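Visitor: Got a structure for you, written out below as structure tokens; questions coming shortly.
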Amino acid sequence: MRIAVTGANSSVGQNLLAHIVAHTEHTVIAGARSQAALSTLPTPNRIEPRVISYDSAANLATALQGADCIVHLAGILIESKHTTYSHANVEATRCVAAAAELIGAKQLVFISVVGANPASTNAYFRSKGAAEELVAAARIGSSIIRTPILLGPGTAGASSLLGAASKTKTKVLGGGNYSMRPLDIDDLNMAILRCCEMSASSSSTYELVGPEAISYRNLILKTAALMGKRVEIGSIPIWVARLGAAISSRLKGGGITPTVLDVITADEVVTQNADVALNISLTPLADTLAKIAGKSK
Ligand SMILES: NC(=O)c1ccc[n+]([C@@H]2O[C@H](COP(=O)([O-])OP(=O)(O)OC[C@H]3O[C@@H](n4cnc5c(N)ncnc54)[C@H](OP(=O)(O)O)[C@@H]3O)[C@@H](O)[C@H]2O)c1
Numbered sequence: 538m539r540i541a542v543t544g545a546n547s548s549v550g551q552n553l554l555a556h557i558v559a560h561t562e563h564t565v566i567a568g569a570r571s572q573a574a575l576s577t578l579p580t581p582n583r584i585e586p587r588v589i590s591y592d593s594a595a596n597l598a599t600a601l602q603g604a605d606c607i608v609h610l611a612g613i614l615i616e617s618k619h620t621t622y623s624h625a626n627v628e629a630t631r632c633v634a635a636a637a638e639l640i641g642a643k644q645l646v647f648i649s650v651v652g653a654n655p656a657s658t659n660a661y662f663r664s665k666g667a668a669e670e671l672v673a674a675a676r677i678g679s680s681i682i683r684t685p686i687l688l689g690p691g692t693a694g695a696s697s698l699l700g701a702a703s704k705t706k707t708k709v710l711g712g713g714n715y716s717m718r719p720l721d722i723d724d725l726n727m728a729i730l731r732c733c734e735m736s737a738s739s740s741s742t743y744e745l746v747g748p749e750a751i752s753y754r755n756l757i758l759k760t761a762a763l764m765g766k767r768v769e770i771g772s773i774p775i776w777v778a779r780l781g782a783a784i785s786s787r788l789k790g791g792g793i794t795p796t797v798l799d800v801i802t803a804d805e806v807v808t809q810n811a812d813v814a815l816n817i818s819l820t821p822l823a824d825t826l827a828k829i830a831g832k833s834k
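Read the sequence shown against the working numbering and you will find it ends at 834, with the numbers running on by one and no gaps.
Below, the structure written as structure tokens:
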């Protein structure tokens, strides 16, 4: 199979490419917005790097021509002066869905987020919900995978967790008393490939989360213990952080906003985990933490 990946230089993209090369025979069109971004990718023969843009569906279709499946990863949580939710999450997805139709791809796989909802009061969740609607409306088979915090090499979640767990004292939002369902990036890679292999011409939405619910506070403590460390966890009141974020993001024109803080501290809850539907054997949380802390056997 030939798989095209948008946002191939993202942390999810880097992990997916490594997984495809190590575990499958598939070939990949790896799309990113600049040559500099492409230069960060692995370069075995089966990966063909291409600079892509999301300004024209026809041009994007030309760049992704020949793909059986398109995995759409480009998207942001943190807006900046140069990138907004509307541009990165909604309009880029509109372009990818149109391009997928133009080339007659068999499947379009979109990575969304637990909490995505086009009617959400949170601008990030709303943009991901709007993107989901565009994917579902495309006249080809599609799969939407809603994910929680992802743990794996280079993911933002793993970096902040390891950062907090390595300290002797750390302060986290609301004392870290919100519930998470961390998902191992290898499990997501497998889920993506299962979706690429589907033959249905309809659209399905999967909520795929890790096997264990845990507060962020306990996640830090567990990771620190695994690293042979003890960390004292203090609390930053969420209202104080929201106020600070509102001021600094307005001055900077982006960065951490109250919207981002609300996403980070939202409980990750799903009604039905898609591990069974996707035939994924979820990695135990302890094994995932051992992997990211470099302690796996
Ligand atoms: N990481 C997680 O825990 C997590 C959780 C839930 C969902 N997700 C979703 O998974 C996907 C990958 O996440 P990630 O954390 O791996 O991403 P990431 O490392 O932050 O990379 C973001 C990607 O989006 C691209 N991008 C930024 N602005 C763009 C724009 N205006 N138009 C088109 N592309 C743009 C970036 O390209 P440039 O390098 O060119 O800027 C890069 O390829 C995203 O859709 C994200 O919402 C991630």
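In this text, a Cβ means the ideal position worked out from N, Cα and C, and glycines have one as well. These numbers come from a predicted model, not from an experiment.
Is there contact here, the stretch 539–552 with the stretch 597–613, by at least three beta-carbon pairs under 8 Å?
Guide: These segments touch.
Visitor: Are the CB atoms of P719 and I686 within a distance shorter than 8 Å?
Guide: Cβ atoms of I686 and P719: closer than 8 Å.
Visitor: Using the rule of at least 16 other Cβ atoms within 10 Å of the residue's Cβ for burial, across every protein chain shown, is R676 buried or exposed?
Guide: Burial call: exposed.
Visitor: Should T825 be labelled buried (16 or more other beta-carbon atoms within 10 Å of its own) or exposed?
Guide: With 16 or more Cβ atoms within 10 Å of its Cβ, T825 is classed as buried.
Visitor: Is Y753 helix, strand or coil by DSSP?
Guide: If DSSP states are grouped into helix, strand and coil, Y753 belongs with the helices.
Visitor: Following a CB-centred definition, is S571 positioned closer than 7 Å to any heavy atom of ligand 1?
Guide: It does: the Cβ of S571 is within 7 Å (strictly closer) of some heavy atom of ligand 1.
Visitor: Around the C-beta of D804, are 16 or more other C-beta atoms found within 10 angstroms, so that it is buried, or is it exposed?
Guide: The residue is exposed, with fewer than 16 neighbouring Cβ atoms inside 10 Å.
Visitor: In angstroms, rounded to a whole number, what distance separates the CA positions of A545 and Q572?
Guide: Computed Cα separation, rounded: 12 Å.
Visitor: Give the DSSP-derived three-state secondary structure of H624 in the structure shown.
Guide: Of the three classes helix, strand and coil, the one that applies to H624 here is helix, per DSSP.
Visitor: Identify the continuous beta strand (DSSP E) that holds A541 and give its terminal residues.
Guide: Its beta strand (DSSP E) spans residues R539 to T543.
Visitor: Does DSSP classify D804 as helix, strand or coil?
Guide: The answer is coil: DSSP assigns D804 none of H, G, I, E or B.
Visitor: Please report the straight-line C-alpha distance between G678 and S739, rounded to a whole angstrom.
Guide: Cα to Cα, G678 sits roughly 5 Å from S739.
Visitor: So, V646 versus I589, is the Cβ gap smaller than 8 Å?
Guide: No; because the gap between Cβ atoms is not below 8 Å, this pair is not in contact.
Visitor: Jot down the residue ranges of each uninterrupted alpha helix (DSSP H) in the stretch 680–749, minimum 4 residues, whole runs only, in chain order.
Guide: Segments of the alpha helix (DSSP H) lying fully in the stretch 680–749: 693–702 and 722–733.
Visitor: Smallest Cα separation from M727: which of K759, A811 and T796?
Guide: Of K759, A811 and T796, the residue nearest in Cα terms is A811.
Visitor: Give a single yes or no on whether Y591 has its beta carbon closer than 7 Å to a heavy atom of ligand 1.
Guide: Yes - ligand 1 has a heavy atom lying nearer than 7 Å to the Cβ of Y591.
Visitor: Taking C-alpha atoms, which residue in I584, K643 and G765 lies nearest to A702?
Guide: If we check each option's Cα against that of A702, G765 comes out closest.
Visitor: Given a cut-off of 8 Å on the beta-carbon distance, is the pair K706 and E769 in contact?
Guide: It is a contact, given that the beta carbons lie within the stated cut-off.
Visitor: Does the stretch 642–658 touch the stretch 608–626, meaning 3 or more C-beta pairs lie closer than 8 Å?
Guide: The answer is yes - the stretch 642–658 touches the stretch 608–626, with three or more Cβ pairs under 8 Å.
Visitor: Can you give me the start and stop residues for the beta strand (DSSP E) that S649 sits inside?
Guide: Per DSSP, S649 belongs to the beta strand (DSSP E) from Q644 to V650.
Visitor: Can you find the residues in the same chain that come closer than 7 Å, C-beta to C-beta, to G713, ignoring five residues on each side of it along the sequence?
Guide: Only S752, Y753, R754, I757 and I770 meet the Cβ criterion.
Visitor: What do you reckon, are the CB atoms on I632 and Y661 nearer than 8 Å?
Guide: The amino acid at residue 632 is misidentified as Ile; the sequence shows Cys. Against a cut-off of 8 Å, the Cβ pair of Y661 and C632 comes out as no contact.
Visitor: Would you mind reading off the limits of the alpha helix (DSSP H) that contains E616?
Guide: From DSSP, E616 is part of no alpha helix (DSSP H); its letter is neither H nor E.
Visitor: Do the CB positions of G691 and S548 come within less than 8 Å of each other?
Guide: Taking 8 Å as the Cβ cut-off, G691 and S548 qualify as a contacting pair.
Visitor: Is the distance from the Cβ of L710 to the Cβ of I773 below 8 Å?
Guide: Yes, they are a contact pair.
Visitor: Over the uninterrupted alpha helix (DSSP H) stretch that includes S571, give me the two end residues.
Guide: Note, S571: premise wrong, no alpha helix (DSSP H); not H, not E.
Visitor: Within 7 Å: the Cβ of T620 and any heavy atom of ligand 1?
Guide: Yes, since a heavy atom of ligand 1 falls inside the 7 Å radius drawn around the Cβ of T620.
Visitor: To the nearest angstrom, report how far apart S696 and A830 are at their CA atoms.
Guide: Looking at the two C-alpha atoms, the distance is approximately 10 Å.
Visitor: Inspect the CB distances between the stretch 574–581 and the stretch 609–624 and report whether three or more fall short of 8 Å.
Guide: Contact between the stretch 574–581 and the stretch 609–624 is absent, because fewer than three Cβ pairs lie under 8 Å.
Visitor: Apart from the five residues just before and just after A778, which ones in its own chain have a Cβ nearer than 7 Å to its Cβ?
Guide: Same-chain partners within the cutoff: L710 and L798.
Visitor: Can you list, in chain order, the residues of its chain whose CB lies under 8 Å from that of Y743, leaving out five sequence neighbours each side?
Guide: Closer than 8 Å at Cβ, skipping near neighbours: S680, I681, I682, R683, A728, C732, A811, A814 and L815.
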